[in-house]
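In my numbering, the protein residues as written are 40 to 256.
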């Protein structure tokens, strides 16, 4: 399987350290550690290019497999820039969110292995465990959503090159707007997105758990 990963690093906080390594470093390390990716493209804001390049180069095994590309456009534009830099002949493309640095290797491999001509798009999800209420414009509860039908979407989003080409033409970001036809597989609680100080504290705690480290192998 010839696979590429596009790591979208479009925020300024990916140099924050978790257990002594930048969030972006953990994300790239996780992608490479999955053992199923041949090419990695990291798309970063131009103002962060040098900083993020240094972080990526410090990751063992990055070498010639990783390239950091500048893009100050939208998320869709970042995906397009990374996509167009890839070599021909790929079978699977993984869209990875750098702010989800601790997605376990088995989840990444499962996404990559599930993508096929008959299953052109795959994403990991988790069941919703909170009670979800529907409110009106006055913030009054009017109904309770059936959470059995709800899922939280994680990353990576895996797809065929043809599928991603279509998404780029339509201006759709699959990470933000997964198509209705996407195939769902089981995600993992460690695949949280780090966007607040609380998320960072949770991620640090997860990384320090021996069981968590084993699950990422």
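From the three backbone atoms N, C-alpha and C, an ideal C-beta is built for every residue, glycine too. From a predicted model like this one, the values you see are computed outputs, not experimental measurements.
Euclidean distance between Cα positions of residue 133 and residue 183: Separation of residue 133 and residue 183 (C-alpha to C-alpha, rounded to the nearest whole angstrom) is 35 Å.
message: Classify residue 141: buried if its beta carbon has 16 or more other beta carbons within 10 angstroms, exposed otherwise.
response: Result: buried.
message: Quick check for students: name the residue ranges of the alpha helix (DSSP H) that lie wholly in the stretch 162-218, counting only runs of 4 or more.
response: Fully enclosed alpha helix (DSSP H) runs of 4 or longer: 200-209.
- prompt: Which residues bound the beta strand (DSSP E) around residue 81?
  reply: First-last of the beta strand (DSSP E) with residue 81: 78-83.
field: residue 106 - DSSP class collapsed to helix/strand/coil
entry: Note: residue 106 maps to strand in three-state DSSP.
message: Which residue wins for smallest C-alpha separation from residue 83, given the options 74, 169, 105?
response: Here the closest residue by C-alpha is 105.
query: Secondary structure at residue 238, three-state DSSP: helix, strand or coil?
result: Helix at residue 238.
query: Taking DSSP as the reference, what is the three-state secondary structure of residue 149?
result: Note: residue 149 maps to helix in three-state DSSP.
query: Across which residues does DSSP place residue 42 in a beta bridge pair?
result: Residue 42 is bridged by DSSP to 131.
message: So the candidates are 120, 231, 217; which of them puts its Cα closest to the Cα of residue 79?
response: Residue 79 has its Cα closest to that of 120, out of 120, 231, 217.
task: Using three-state DSSP, classify residue 61 as helix, strand or coil.
output: Three-state DSSP puts residue 61 in a strand.
field: Helix, strand or coil at residue 223 according to DSSP, with G and I counted as helix
entry: DSSP places residue 223 in strand when its eight states are reduced to three.
task: Give the C-beta separation of residue 261 and residue 77 to the nearest angstrom, bearing in mind that I take them to be a contact with Cβ-Cβ under 8 Å.
output: Because the chain here runs from 40 to 256, residue 261 falls outside it and cannot be looked at.
- request: Give a yes or no on contact between the stretch 169-176 and the stretch 90-101, applying the rule of three or more CB pairs nearer than 8 Å.
  value: Taking one beta carbon from each stretch, the stretch 169-176 and the stretch 90-101 have fewer than 3 pairs nearer than 8 Å; the two do not touch.
query: Alpha carbon to alpha carbon, what distance is there between residue 151 and residue 86?
result: Those two C-alpha atoms are separated by around 32 Å.
message: According to DSSP, is residue 53 part of a helix, a strand, or is it coil?
response: Residue 53: coil per DSSP, three-state reduction.
- prompt: Quick one: Cα of residue 135 to Cα of residue 189, how far?
  reply: About 22 Å.
Beta-carbon contacts of residue 61 that lie in its chain and below 6 Å, excluding the five residues immediately before and after: Closer than 6 Å at the Cβ level, and outside the excluded window around residue 61, lie 54, 94.
message: Does residue 121 come out as helix, strand or coil in the three-state DSSP assignment?
response: Here residue 121 sits in helix by DSSP.
task: Measure the alpha-carbon distance for residue 235 versus residue 114 and round it to whole angstroms.
output: Take the alpha-carbon of residue 235 and the one of residue 114: they are about 20 Å apart.
- prompt: If you follow the alpha helix (DSSP H) that residue 95 is part of, which residue opens it and which one closes it?
  reply: First-last of the alpha helix (DSSP H) with residue 95: 88-96.
- prompt: How long is the line joining the alpha carbons of residue 242 and residue 148, rounded to whole angstroms?
  reply: Rounded to whole angstroms, residue 242 to residue 148 spans 21 Å at the Cα level.
- request: Identify whether residue 101 lies in helix, strand or coil by the three-state DSSP scheme.
  value: Of the three classes helix, strand and coil, the one that applies to residue 101 here is coil, per DSSP.
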